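A quick write-up on the structure given underneath.
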Amino acid sequence: MDECFFIFVEAHLFFALQGTWHVITVYYREEHFHSKISLMLMISPRMATGMQEKQYSPSLLSFFIYNPKFGPREGEEEKKILFYHPSEVEKNEKIRNVGLCEAIVQFTRTFCPSKPAKSLHTQKNRQFFFEPEENFWIVMVVRNPMVEKANKEGRPAATEYQEEELLDNVYGAVLQQCYSMYKLFNGTFGRAMEAGAVELLTQKLEKFFYRYLQTLHLQSCDLLDVFGGISFFPLDKMTYLKIQSFVNRVEESLSLIKYTTFLYNDQLIWSSLEQDDMRILYKYLTTSLFPRHSEPELAGRDSPLRPEVAGNLLHYGRFLTGPTNLKDPDAKFRFPRIFVNSSDGYEELHLIVYKAMSAAVCFMISASEELGREFCEQLDGLVGPQLTLLASDICEQYNINRRISGPEKEPQFKFIYFNHMNLAEKSTIHMRKTASVSLTSVHPDLMKILGDIHADFVRVDEDEEIIVKAMTDYWVVGKKSDQRELYVILNQKNANLIEVNEEVKRLCATQFNNIFFLD
Amino acid sequence: MSEEHYLELCESPVQFENASAVNNVFFDEANKQVFAVRSGGATGVVVKGPDDKNSIAFRMDDKGEVKCIKFSFENKILAVQRTSKSVDFINFIPEYPHLEFSQECKTKNSSLLGFCWTNWNEIVFITDQGIEFYQVFPDKRSLKLLKSQSINVNWYMYCPETSVILLSTTVQGNVLQPFAFKNGTMSKMSKFEIELPAVPKPAKLSLSERDIAVATIYGQLYVMYLKHHSRTANSPGAEVVLYHLPREGPCKKTHTLKLNTTGKFALNVVDNLVVVHHQSSQTSFIFDIKMKDPDSTLNIHLPVLPPWSIHPYKIPLTGPVAVAAQAPVSCELYSSTWSVFQPDIIISASEGYLWHLQVKLQPVVNLLQDKGKLMDFLLRRRDCKMVILSVCSQMLIKGDKGNLPVVATVFDKLSQVYKEYLEAEQSYTTAVESGASRASTVHKRPVRTQAVIDQSDMYTHVLSTFTERKDSSHKFVIAVLMEYIRSLNQFQITVQHYLYELVIKTLVQHNLFYMLHQFLQYHVLSDSKPLACLLLSLESTYPPAHQLSLDMLKRLSTANDEIVEVLLSKQQVLGALRFVRSVGGHDNISARKFLDAARQTKDQMLFYTIFRFFEQRNQRLRGSPSFTPGEHCEEHVAFFKQLFGEQALMKPVTV
Chain A
1 MDECFFIFVE AHLFFALQGT WHVITVYYRE EHFHSKISLM LMISPRMATG
51 MQEKQYSPSL LSFFIYNPKF GPREGEEEKK ILFYHPSEVE KNEKIRNVGL
101 CEAIVQFTRT FCPSKPAKSL HTQKNRQFFF EPEENFWIVM VVRNPMVEKA
151 NKEGRPAATE YQEEELLDNV YGAVLQQCYS MYKLFNGTFG RAMEAGAVEL
201 LTQKLEKFFY RYLQTLHLQS CDLLDVFGGI SFFPLDKMTY LKIQSFVNRV
251 EESLSLIKYT TFLYNDQLIW SSLEQDDMRI LYKYLTTSLF PRHSEPELAG
301 RDSPLRPEVA GNLLHYGRFL TGPTNLKDPD AKFRFPRIFV NSSDGYEELH
351 LIVYKAMSAA VCFMISASEE LGREFCEQLD GLVGPQLTLL ASDICEQYNI
401 NRRISGPEKE PQFKFIYFNH MNLAEKSTIH MRKTASVSLT SVHPDLMKIL
451 GDIHADFVRV DEDEEIIVKA MTDYWVVGKK SDQRELYVIL NQKNANLIEV
501 NEEVKRLCAT QFNNIFFLD
Chain X
1 MSEEHYLELC ESPVQFENAS AVNNVFFDEA NKQVFAVRSG GATGVVVKGP
51 DDKNSIAFRM DDKGEVKCIK FSFENKILAV QRTSKSVDFI NFIPEYPHLE
101 FSQECKTKNS SLLGFCWTNW NEIVFITDQG IEFYQVFPDK RSLKLLKSQS
151 INVNWYMYCP ETSVILLSTT VQGNVLQPFA FKNGTMSKMS KFEIELPAVP
201 KPAKLSLSER DIAVATIYGQ LYVMYLKHHS RTANSPGAEV VLYHLPREGP
251 CKKTHTLKLN TTGKFALNVV DNLVVVHHQS SQTSFIFDIK MKDPDSTLNI
301 HLPVLPPWSI HPYKIPLTGP VAVAAQAPVS CELYSSTWSV FQPDIIISAS
351 EGYLWHLQVK LQPVVNLLQD KGKLMDFLLR RRDCKMVILS VCSQMLIKGD
401 KGNLPVVATV FDKLSQVYKE YLEAEQSYTT AVESGASRAS TVHKRPVRTQ
451 AVIDQSDMYT HVLSTFTERK DSSHKFVIAV LMEYIRSLNQ FQITVQHYLY
501 ELVIKTLVQH NLFYMLHQFL QYHVLSDSKP LACLLLSLES TYPPAHQLSL
551 DMLKRLSTAN DEIVEVLLSK QQVLGALRFV RSVGGHDNIS ARKFLDAARQ
601 TKDQMLFYTI FRFFEQRNQR LRGSPSFTPG EHCEEHVAFF KQLFGEQALM
651 KPVTV
């Protein structure tokens, strides 16, 4: 037996607040040199029950934005409300709800002026507050998940709200993402106020959130939403340098281009945009833009989506934003505009997304420039052939690397990795992010455990490790080292703590051998 | 503009007394010596070589008109031909008798065309009926015939660099028979036929020695044939046809150099370039046989540069006759009195000058617009390094649009040559290491030519100044640096860390930390200790540099001590200890260092833990938990007692 695992059975046993958690903090007696590893046993009510019942996932009840300074006098409360979803709610109720939020925020502020309230837990729902700009508040109200239990005696079904199922950090992050996404396409609230007062702001909010809220899928939010990470495409140095070379050449020939980002297979390879802007742009690209444009290259020969290979078209390049067909005489050359941070506040840019096979490039050009047919044709002629070639190079190189590393290196583990420093995330739990849902291969209860472990990590600065024994032979391990977090889900029959720890060590040795990860 | 003259005569020509009625001038191609023979030698012979400033002067008896006069190697024996039957010899070796001795050619009724020295004591007579190969015994004042060969000879030509004699045979003279000489042996090489533009009827001698030259180009022996424009064939002009003469195997026609003009021509080979002088236009063409037209499979070459004349030359007035006020006299170039010898010699017998022809590379830079071609051309020249580096610098200053692809092409060409040298060096080293015992194979150390431009050359002469220029945009600077790194990587050359430092410096200067992070993430900037330390120093301005640095140290796997230091400096004492243990070094670390660090954290529990760890180590290693005086931990033991009491100290375990 490994000497590290003489368990010093002076285990502190205490119960967590919710009662469903049995937290056992175990100090390993490693030559008296204890490492901070917590072991938890978790019994989920849902996993344990096998009764006839109906599940309701969390859903959006309301979403509103207000500014308490806009209607300070009595009778003018409606002016505070800048956006309210659902809009058909009766006016007085809107005012009441906003008033309540205002009051809660004000009240709690007295206890901790620096950290205003973030959420309010009630039996039926949970409210999340977020003040992205001074005095502008965004509130999201989410209904708790419910279980409807069939009653034998024909009485109406009993509804049981699961008050503790939602994670504050997950939905808090979703709320912040809503704002970031608004800001990406519209700039700050303050900017709209400057440009056209409240009228313009309400107009913009209405236009943006009406559509955006429909794309929120609150039932499938998880730890990845908290991280808001970026998945990087693994690539060898030489191919990476070729991409660098390509980007530099394009930027040199088309000097209007201010920023360029390069993605392959929906994973990032290069960005000259700053990290925070890239994070939200990445989110937009991977959850909204790319899924809308299914790959015509993969479509059948007769599919209308397939580009004509005949004629002078010698490449697979096409615009995902702007003109859909350059040959069309009526083609529109309008690109979406985005706002990014710059040294003097923000800058407004045209977002050109151009794709050839699996390689996508975003070119960003100052919004003050007029972009017309000529520019688009020039870009298409320059980028199309090169990008097509590069895309096939990357694909080839990627396959070679995969062959070298072999299938045994393919992870048999389910894990999520996140690095706060470069926002790199990697998940073998999530199958594929699509526009509508993120499919995970594990039970939601396990995902919730991950969220809980993360919340624990946030609370302390030091590196630590938490091992949770979940039901049905699942073990969940969370590790935090410097700015990195790793969550592993293991399913091994009759595994014990020692074996689980060994498994995780092995995973670190194979998957993360090139980074400094304390064990 | 003088800036465009890419050919010039050397500054210090060999000066000799000009040819006249009383002064005969001879040139020996083997030793590159000029002989000025006054009155058949009676009033003096002056010999001037290319390098030796000291000329040799002597007298010899006038025994008739001198037809040919040549020293053997190292000026040991002088051979003089005065008749068509025999050659006279004079020893120049001090301890041997100076009396002349003579040798007649062996073949009866043959007429001596000339002779060539192939060694200090080996000589070849060429007669109209064959060749005779002799060894000279200066002490005995006699010669011994080593070998002879009968063959009808029209004329001959000698290439001293390779010791190959070319004989013109047959009636038309266009069948050439080469012989090679080496250490007393004579070997017949395979003969070949020069294709004549038109076959005369009746057959007569049609190939003149004036139209043939022999020279080594890129280490290979070539016979160059100046094929004049024939009136019957509809070729637009004369051309030079090159026949490759390998040591073994048949001779092949390999290159055709198109002149597209007619007239009188002369050939030189300078720095592996074939130079064709055209007298009527007073210009010279240069050809590089390695510069291929990609569309042509026939090896037809056009001049590399537009034809241009040799740089005007002023005769320096030196000696006692020189008057300060007198302006130097311009020398007539392309004069009909010029004689041209291989490889690069031009002699004006009437004026008494011998020049070496030289190629100036700087003017070529402006004449060859295509940078890729220019690089190819420059990389094959001898004194190319500084010119290439200046081309690189120039190309980076002119921030033309679409410049990057050109930059990439140039870098790739440099890298290729650099890589070839590194590989040769590598295989030489391994060959020497492995085959030290086997003396049979002699390994030649690869020669580092000027074309090998390494990273430090690029750094010092091009990149470091370029990155410091105020007018170059940082975007372009980074693009160029990445392009160079890409090129080196493409040729699998290990990139030196100072190039990475240059990249980092530039990125940091412009606050482009996120870019830097991405480069490191994809290992574009390869791991090294200096780089990791540089990153550590960036931590205050860019906190993630800390993580990047630690990762790098970890990957190096030889920097465990550094990792411990970094962690301790961050007060991560427990982390440092766990790391040391994971790499198995915990029995050798200094207890004091860790206890110091633990105490600095002011965390008593941490101090306890660390203290206890070392107590246990002591117990395990020495059988007692107490520290030895050598560990200098007394102060910490005292502190421990003060905090936790004497009884908290670990009790020795008695077995």
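From first to last, the protein sequence lines are chains A and X. Here the first sequence is numbered in the UniProt record's numbering, starting from 1 and rising by one per residue. Here the second sequence is numbered in the UniProt record's numbering, starting from 1 and rising by one per residue. Beta carbons: idealized from backbone N, C-alpha and C, even for Gly. All values derive from a computational prediction rather than experimental measurement.
Exposed or buried, which one is Phe107 (chain A) when buried takes at least 16 other CB atoms within 10 Å?
Translated into the one-based positions of the first sequence, residue 107 (chain A) becomes position 107. Of the other Cβ atoms in all chains shown, fewer than 16 fall within 10 Å of the Cβ of Phe107 (chain A); this residue is therefore exposed.
Below 8 Å, how does it come out for the region 122-139 of chain X and the region 174-187 of chain X: are there three or more Cβ pairs, yes or no?
yes
Output, in chain order, the set of chain X residues within a Cβ distance shorter than 8 Å of Tyr240 (chain A).
In the first sequence, the residue the question calls residue 240 (chain A) occupies position 240. Listed along the chain, the chain X residues whose CB falls inside 8 Å of the CB of Tyr240 (chain A) are Tyr522, Val524.
Min CB distance Ala322 (chain X) to chain A below 8 Å
Here the question's residue 322 (chain X) lines up with position 322 in the second sequence. Here the model assigns Ala322 (chain X) a pLDDT of 45, short of 50, so the residue's position is not dependable and the matter cannot be decided.
Would you mind listing the beta strand (DSSP E) stretches within the region 46-102 of chain X that are 3+ residues and don't spill past its ends, in chain order?
Counting only runs of 3 or more, we get 56-58, 68-71, 77-81, 86-91.
Name, please, each residue of chain X whose Cβ falls closer than 7 Å to the Cβ of Leu235 (chain A).
In the first sequence, residue 235 (chain A) corresponds to position 235, counting from 1. Result: Tyr522.
So the candidates are X:Asn54, X:Gly263, X:Met482; which of them puts its Cα closest to the Cα of Gln279 (chain X)?
To locate residue 279 (chain X), count along the second sequence from 1; it is residue 279. For the residues X:Asn54, X:Gly263, X:Met482, the minimum Cα distance to Gln279 (chain X) belongs to X:Gly263.
Give the range of the beta strand (DSSP E) segment to which Thr125 (chain A) is assigned.
Counting from 1 along the first sequence, the entry for residue 125 (chain A) is found at position 125. What sits at residue 125 (chain A) in the sequence shown is Asn, not Thr. Counting along the chain, the beta strand (DSSP E) containing Asn125 (chain A) begins and ends at 125-133.
Does the CB of His586 (chain X) have a neighbour CB from chain A at under 8 Å?
Taking the second sequence and counting its residues from 1, the one referred to as residue 586 (chain X) is at position 586. His586 (chain X) does not count as touching chain A.
Looking only at its own chain, which residues have a Cβ that is under 7 Å from the Cβ of Leu606 (chain X), when we skip the five neighbours before and after it?
Counted from its first residue, the second sequence places residue 606 (chain X) at position 606. Correct list, in chain order: Val573, Leu574, Ala598.
Can you check DSSP and say which residues form a bridge with Gly345 (chain A)?
On the first sequence, position 345 is the one that residue 345 (chain A) refers to. According to DSSP, which records beta bridges pairwise, Gly345 (chain A) is partnered with A:Ser342.
Leaving aside the five residues before and after Tyr334 (chain X) along the sequence, list all residues of the same chain whose C-beta is less than 7 Å from its C-beta, in chain order.
Your numbering for residue 334 (chain X) matches position 334 in the second sequence. The residues are His277, Gln279, Gln282.
At what residues does the alpha helix (DSSP H) containing Glu615 (chain X) begin and finish?
Here residue 615 (chain X) is taken as the residue at index 615 of the second sequence, counted from 1. Unbroken alpha helix (DSSP H) run through Glu615 (chain X): 604-622.
Among A:Ile416, A:Asp456, A:Asp461, nearest to Phe512 (chain A) - alpha-carbon criterion
Along the first sequence, read from residue 1 onward, the residue named residue 512 (chain A) stands at position 512. It is A:Ile416 whose Cα lies nearest to the Cα of Phe512 (chain A).
Residues of the region 28-59 of chain X with Cβ closer than 9 Å to any Cβ of chain A, in chain order:
Residues of the region 28-59 of chain X with a C-beta less than 9 Å from any C-beta of chain A: none at all.
Taking Cβ positions, are Leu567 (chain X) and Ala559 (chain X) nearer each other than 8 Å?
Residue mapping note: residue 567 (chain X) aligns to position 567 of the second sequence, counting from 1. Residue mapping note: residue 559 (chain X) aligns to position 559 of the second sequence, counting from 1. No, they are not a contact pair.
Would you say Leu143 (chain X) and Gln149 (chain X) are within 8 Å of each other, going by their C-beta atoms?
Stepping through the second sequence from its first residue, residue 143 (chain X) is reached at position 143. Stepping through the second sequence from its first residue, residue 149 (chain X) is reached at position 149. Taking 8 Å as the Cβ cut-off, Leu143 (chain X) and Gln149 (chain X) do not qualify as a contacting pair.
If I follow the unbroken alpha helix (DSSP H) through Ile498 (chain A), where does it start and stop?
Sequence index remark: in the first sequence, residue 498 (chain A) carries index 498 (1-based). 497-511 is the span of the alpha helix (DSSP H), which, as asked, contains Ile498 (chain A).
Please tell me whether Ile280 (chain A) and Met181 (chain A) are closer than 8 Å, where the distance is taken between their beta carbons.
Looking up residue 280 (chain A) in the first sequence gives position 280. Looking up residue 181 (chain A) in the first sequence gives position 181. In this structure, Met181 (chain A) lies closer than 8 Å to Ile280 (chain A) by Cβ.
Against Trp137 (chain A), what residues of chain X qualify as contacts under a CB-to-CB distance less than 8 Å, listed in chain order?
Taking the first sequence and counting its residues from 1, one reaches residue 137 (chain A) at position 137. Those within 8 Å of Trp137 (chain A) in chain X number zero; the least Cβ separation is about 31 Å.
Would you report the Cα separation of Gly372 (chain A) and Leu390 (chain A), rounded to the nearest angstrom?
By one-based count along the first sequence, residue 372 (chain A) stands at place 372. By one-based count along the first sequence, residue 390 (chain A) stands at place 390. Rounded to the nearest angstrom, the two C-alpha atoms are 26 Å apart.
Just to make sure I have the definition right: I need the residues of chain A whose C-beta is within less than 8 Å of the C-beta of Leu595 (chain X). Which are they?
Taking the first residue of the second sequence as position 1, residue 595 (chain X) is located at position 595. Chain A residues near Leu595 (chain X): none, gap ~14 Å exceeds 8 Å.
Going by DSSP, name the residue or residues bridged to His14 (chain X).
Looking up residue 14 (chain X) in the second sequence gives position 14. According to the sequence as given, residue 14 (chain X) is Val; it is not His. Beta-bridge pairing links Val14 (chain X) to X:Leu354.
Nearest residue (CA-CA) to Cys178 (chain A), options A:Val147, A:Gly228, A:Glu160:
Numbered from its first residue, the first sequence carries residue 178 (chain A) at position 178. Of A:Val147, A:Gly228, A:Glu160, the residue nearest in Cα terms is A:Gly228.
Can you tell me whether DSSP reads Leu60 (chain A) as helix, strand or coil?
Numbered from 1 along the first sequence, position 60 holds the residue referred to as residue 60 (chain A). The answer is strand: DSSP assigns Leu60 (chain A) an E or B state.
Using a C-beta cutoff of 8 Å, does Ile365 (chain A) count as contacting chain X?
Residue mapping note: residue 365 (chain A) aligns to position 365 of the first sequence, counting from 1. No, Ile365 (chain A) does not count as interfacial toward chain X.
Unbroken alpha helix (DSSP H) run spanning Lys91 (chain A), endpoints
For this step, residue 91 (chain A) is matched to residue 91 along the first sequence. Lys91 (chain A) -> alpha helix (DSSP H) spans 91-109.
Exposed or buried, which one is Phe111 (chain A) when buried takes at least 16 other CB atoms within 10 Å?
The count along the first sequence starts at 1 and reaches residue 111 (chain A) at position 111. The residue is exposed, with fewer than 16 neighbouring Cβ atoms inside 10 Å.
Express the C-alpha separation of Asn109 (chain X) and Gly130 (chain X) in angstroms, rounding to a whole number.
In the second sequence, counting from the first residue as 1, residue 130 (chain X) sits at position 130. In the second sequence, counting from the first residue as 1, residue 109 (chain X) sits at position 109. Distance between the alpha carbons of Gly130 (chain X) and Asn109 (chain X) is about 12 Å.
Would you say Pro652 (chain X) reaches chain A, if we count a Cβ-Cβ gap shorter than 8 Å as a contact?
Along the second sequence, one-based indexing puts residue 652 (chain X) at 652. Closer than 8 Å: no.
8 Å Cβ cutoff met for Lys355 (chain A) and Leu320 (chain A)
Within the first sequence, residue 355 (chain A) is the residue found at index 355, counting from 1. Within the first sequence, residue 320 (chain A) is the residue found at index 320, counting from 1. Result yes, Cβ atoms of Lys355 (chain A) and Leu320 (chain A) sit closer than 8 Å.
At a cut-off of 7 Å, would you count Asp51 (chain X) as near the ligand HEM, judging by its Cβ distance to the nearest heavy atom?
As presented, the structure is devoid of all ligands, the ligand HEM included, so that no description of it is given.
Quickly, what does DSSP pair Ile130 (chain X) with across the bridge? List them, please.
Taking the first residue of the second sequence as 1, we reach residue 130 (chain X) at position 130. Correcting the residue type first, residue 130 (chain X) is Gly in the shown sequence and not Ile. Gly130 (chain X) is bridged to X:Thr127, X:Ser150.
Against chain A, with Cβ distances strictly below 8 Å, would Ile485 (chain X) count as a contact?
Position 485 of the second sequence, counted from the first residue, corresponds to residue 485 (chain X). It does: the Cβ of Ile485 (chain X) has a partner Cβ on chain A nearer than 8 Å.
Which residues mark the beginning and the end of the beta strand (DSSP E) in which Lys207 (chain A) is found?
One-based indexing of the first sequence puts residue 207 (chain A) at position 207. Looking at the DSSP string, Lys207 (chain A) is not in any beta strand (DSSP E); the run it does join, the alpha helix (DSSP H), is 189-212.
Near Asp302 (chain A), what residues of its chain come up, given a Cβ to Cβ distance below 6 Å and the 5 sequence neighbours on each side ignored?
Residue numbering aside, residue 302 (chain A) sits at position 302 when the first sequence is read from its first letter. The pLDDT assigned to Asp302 (chain A) is 45, lower than 50, so where the model puts this residue is not dependable; a value taken from the coordinates is nonetheless given after this. Excluding residues within five positions, none has a Cβ falling inside 6 Å.
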